[in-house]
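A.B. asks: Dumping the structure here so I can ask a few things about it.
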Amino acid sequence: ARGLLASDVPIEPVASAAFPATAPRPACSVLATERIEAALGSRLPPWQDGVARHLDRVREGRSGS
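Just so we're aligned, residue 116 is where the sequence shown starts under the working numbering, counting upward by one.
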């Protein structure tokens with residue numbers, strides 16, 4: 116997220132154990148996109164693009180939430 120906001124925002128790592136989940140989660144939960152990309156016939160944009168679009172909307176006052 117570095118460079119997406121106008122000011123530096125400290126980000127501190129937090130262990131998953133600090134936020135217990137009601138359901139067990141896999142140790143590695145990376146989302147594989149190959150199957151949906153093959154079905155759609157195109158590549159999905161990087162997640163960073165979505166974060167940048169969302170932050171633009173928040174700055175414009177239309178976060179959608």
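For glycine and all other residues, C-beta sits at the position ideal for the given N, C-alpha and C. As the structure is a computational prediction, the values presented were derived from the model and not from experiment.
1. Considering Cα atoms alone, identify which of Ala121, Leu170, Gly156 and Ser131 is closest to Pro141.
2. I need the boundaries of the alpha helix (DSSP H) containing Glu152, first residue and last residue.
3. Along the alpha helix (DSSP H) that carries Asp171, what are the first and last residues, could you check?
4. Within this structure, are the beta carbons of Leu155 and Leu120 separated by less than 8 Å?
5. Helix, strand or coil, according to DSSP, for Ser122 in the structure here?
C.D. replies: Taking the structure as given:
1. Ser131
2. Glu149 to Leu155
3. Looking at the DSSP string, the run of the alpha helix (DSSP H) that includes Asp171 is Trp162 to Glu175.
4. no
5. coil
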